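For reference, the structure discussed in these notes is given below.
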Amino acid sequence: MRPVLLKIGSLSIGSYGVMVAIAFLVATYVYYQRAKKENISSKIIIEFSLILLISGLIGARLFHTLQHIKSNGFIFWNGGLVYYGGFVSASIAGFIYLRSKELPIPKMMDIITPSLAIGEAIGRIGCFLAGCCFGKPTDSILCVTYPEKSLTYTLLKGQCSYPTQVFTSIILFLVFIILIIISKWTIFSGQLFLIYAIIHSIQRFFIDFFRLYSPEEYIGSLATSQLISLIIGFSALFTMIIILFRRHRYIK
Numbered sequence: 003m004r005p006v007l008l009k010i011g012s013l014s015i016g017s018y019g020v021m022v023a024i025a026f027l028v029a030t031y032v033y034y035q036r037a038k039k040e041n042i043s044s045k046i047i048i049e050f051s052l053i054l055l056i057s058g059l060i061g062a063r064l065f066h067t068l069q070h071i072k073s074n075g076f077i078f079w080n081g082g083l084v085y086y087g088g089f090v091s092a093s094i095a096g097f098i099y100l101r102s103k104e105l106p107i108p109k110m111m112d113i114i115t116p117s118l119a120i121g122e123a124i125g126r127i128g129c130f131l132a133g134c135c136f137g138k139p140t141d142s143i144l145c146v147t148y149p150e151k152s153l154t155y156t157l158l159k160g161q162c163s164y165p166t167q168v169f170t171s172i173i174l175f176l177v178f179i180i181l182i183i184i185s186k187w188t189i190f191s192g193q194l195f196l197i198y199a200i201i202h203s204i205q206r207f208f209i210d211f212f213r214l215y216s217p218e219e220y221i222g223s224l225a226t227s228q229l230i231s232l233i234i235g236f237s238a239l240f241t242m243i244i245i246l247f248r249r250h251r252y253i254k
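Going by the working numbering, the first residue of the sequence shown is number 3, and it counts up by one from there.
Put into structure tokens, the structure is as follows:
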């Protein structure tokens, strides 16, 4: 854990912000390389990337604010980020942008899908360095202990906890590699995005059993992110089954 990477006088450069910036640059580079092969203009690539980034950050912060509104009130400018809030808002903004440019939405989503995986994989390293999104206390060999003077150490009362950020990062790095490989063999436009939505939902649902949440982040026995992952995962699976069924019936 290293919340502050560098101090220059009174200026502190946070690890989380640096990793988010690196994640955006790497994700954009991957997207740029894939989009260029499909003859997408540089202008579209840059605009689409920035729209997804800005709308994603706004949605992630808004969802976090609403999730903690009972305890913190509506304080939008100060707080954390929730992945699925960003995912939903970026998806909506991206859809609107692509429609306005009359671009093929399923194809464009397939092009950018590997970037989503590598971007979050790098971003989760920032979570680990910053000491957020940590796991439940455990005496497992896989646990980590945060520095004594850190807020995370205080919240966990010095207990060792699951490094859920690292688990997610490793899984998504592997998913990124898998997506790059299978992207050459997809059957229909949009399939790569649907596959990613399903895989991401599965990993998030199970990882969250090891992650520590506050009581207000639960609905019943499941965390809100787990419920959202179920909705997104089953929706993506249902959509893919319908498309494959229609294609099979058409071919027959």
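The beta-carbon is built from N, C-alpha and C at its ideal position, and this holds for glycine as well. Model, not experiment: these values are computed from the prediction.
Around the beta carbon of V6, fewer than 16 other beta carbons sit within 10 angstroms, so the residue counts as exposed.
For S57, no beta strand (DSSP E) encloses it; the enclosing alpha helix (DSSP H) starts and ends at 44-69. Taken atom to atom, the span from the alpha-carbon of R249 to that of I15 is near 52 Å. Note on geometry: alpha-carbon atoms of A62 and G87 lie some 4 Å from one another.
A direct Cα-to-Cα measurement between L196 and Q205 gives close to 14 Å.
Proximity of the stretch 17-35 to the stretch 111-119 meets the contact definition, three or more beta-carbon pairs being nearer than 8 Å. Under the three-state reduction of DSSP, P106 is assigned to coil, being neither helix nor strand.
In its chain, beyond the 5 residues on either side, C162, S163, Y164 have a beta carbon closer than 7 Å to the beta carbon of T140. Burial check for S102: the Cβ neighbour count within 10 Å stays below 16, so the residue is exposed. Take A123, set aside five residues on each side of it, and the residues of its chain with a beta-carbon closer than 7 Å to its own are S171, L174, F175, F178, in chain order. Between the alpha carbons of S203 and G19 lies a distance of about 25 Å.
Of the candidates Q167, F169, T226, T226 places its Cα closest to the Cα of L68.
For S12, the number of other beta carbons within 10 angstroms of its own is below 16, and it is reported as exposed.
Around D210, the same chain offers A225, S227, Q228 as residues with beta carbons nearer than 7 Å, after the five sequence neighbours per side are excluded. Beyond the five residues adjoining it in sequence on each side, Y155 comes within less than 7 Å, by CB distance, of Y148, P149 in the same chain, given in chain order. Bridge pairing for G16: V6 [DSSP]. Within the same chain, and ignoring the five residues on either side of A37 in sequence, the residues whose Cβ sits closer than 6 Å to its Cβ are I47, I113. Within its own chain, the residues whose Cβ lies closer than 7 Å to the Cβ of I120, once the five positions on either side in sequence are excluded, are V28, A29, V32, F178, listed in chain order. Under DSSP, A225 shares a beta bridge with Y220. For S237 and G160, the gap between their C-alpha atoms comes out near 40 Å. Excluding its 5 nearest sequence neighbours in each direction, M110 has C-beta neighbours in its own chain below 6 Å: L100, listed in chain order.
L83 sits close to H66, with the two beta carbons spaced by under 8 Å. In terms of CA proximity to I60, A95 leads the group P106, L214, A95, Y220.
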